[in-house]
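Chemist: This structure is in structure tokens; I'll ask about it shortly.
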Amino acid sequence: MKSIILDTGYWIALFNPEKEIDKQEVVEFVSNLIDENNYKIIIPFPTLYEFLDSKLSRKKASKLNLQKELSKSKYDKVYDDKYREKALKTFTHNFSFNVGDISLVDEVIKEMIFDDNLRTDIIVTFDESLKNFAKSMNLEVIE
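Going by the working numbering, 234 is the number at position 74 of the sequence shown; the sequence numbering is gapless.
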């Protein structure tokens with residue numbers, strides 16, 4: 161069974177289509193992929209923290225749709241406990257050397273990709289540095 165990891169940008173585009181018009185083709189493709197295939201869908205909890213901390217999550221309709229979406233049995237919500245220390249260490253190292261655009265959530269996702277037990281095949285992200293990293297790890301990138 162293949163597994164897909166979803167980055168925060170997917171959730172934002174899914175629940176805010178009027179502001180993420182350019183991403184709707186990807187959202188529709190991924191939604192169909194999720195519904196029509198026997199894939200395991202990995203949801204890193206930090207992506208939910210990031211999404212739910214946005215103004216977008218305060219919309220009533222979005223809340224109801226999110227509850228429905230997250231209740232799908234295909235979704236595997238993965239806590240970051242196992243990854244956060246290494247991710248934070250990498251983040252602070254890169255931050256101290258001013259290495260481009262960095263995100264702690266992205267560092268956690270990278271650690272999840274490194275985890276052979278989680279086995280990630282595909283990533284859905286709109287973030288350039290995360291796309292580049294995923295490609296370097298031979299993941300299929302849906303963008």
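Note that beta-carbon positions come from the ideal geometry of N, C-alpha and C, so glycine has one too.
Using the DSSP secondary-structure output, state which residues sit across from V190 in a beta bridge.
Modeler: BP columns for V190 are empty, so no partner.
Chemist: Quick one: give me the first and last residue of the beta strand (DSSP E) that Y235 is part of.
Modeler: Counting along the chain, the beta strand (DSSP E) containing Y235 begins and ends at Y235 to V238.
Chemist: Among N225, E180 and K234, which residue has its Cα nearest to the Cα of N198?
Modeler: The residue with the shortest Cα to Cα distance from N198 is K234.
Chemist: Mark K270 as exposed unless 16 or more other C-beta atoms lie within 10 angstroms of its C-beta, in which case mark it buried.
Modeler: Classification of K270: buried, given that the 10 Å Cβ count is 16 or more.
Chemist: What's the C-alpha gap between N192 and V186?
Modeler: Straight-line Cα distance between these residues: approximately 10 angstroms.
Chemist: Should the stretch 296 to 303 be regarded as contacting the stretch 198 to 210, the criterion being three or more beta carbon pairs within less than 8 angstroms?
Modeler: At 8 angstroms Cβ cutoff, the stretches do not touch.
Chemist: Pop quiz: F149 and K183 are said to be a contact at Cβ under 8 angstroms. What is the actual Cβ separation, rounded to whole angstroms?
Modeler: The structure shown does not extend to residue 149, since the chain spans only 161 to 303, so no value can be given for it.
Chemist: Rank K237, E267, D236 and E229 by C-alpha distance to the C-alpha of F251 and give the top, closest one.
Modeler: Ranking K237, E267, D236 and E229 by Cα distance to F251 puts E267 first.
Chemist: What's the gap between the Cα of W171 and the Cα of Y243?
Modeler: Answer to the nearest angstrom: the Cα atoms are 21 angstroms apart.
Chemist: Quick check: what's the CA-CA separation for F189 versus I302?
Modeler: Approximately 9 angstroms between the Cα atoms of the pair.
Chemist: Taking the straight line between their C-alpha atoms, what separation do you get for K237 and F211?
Modeler: Distance between the alpha carbons of K237 and F211: 14 angstroms.
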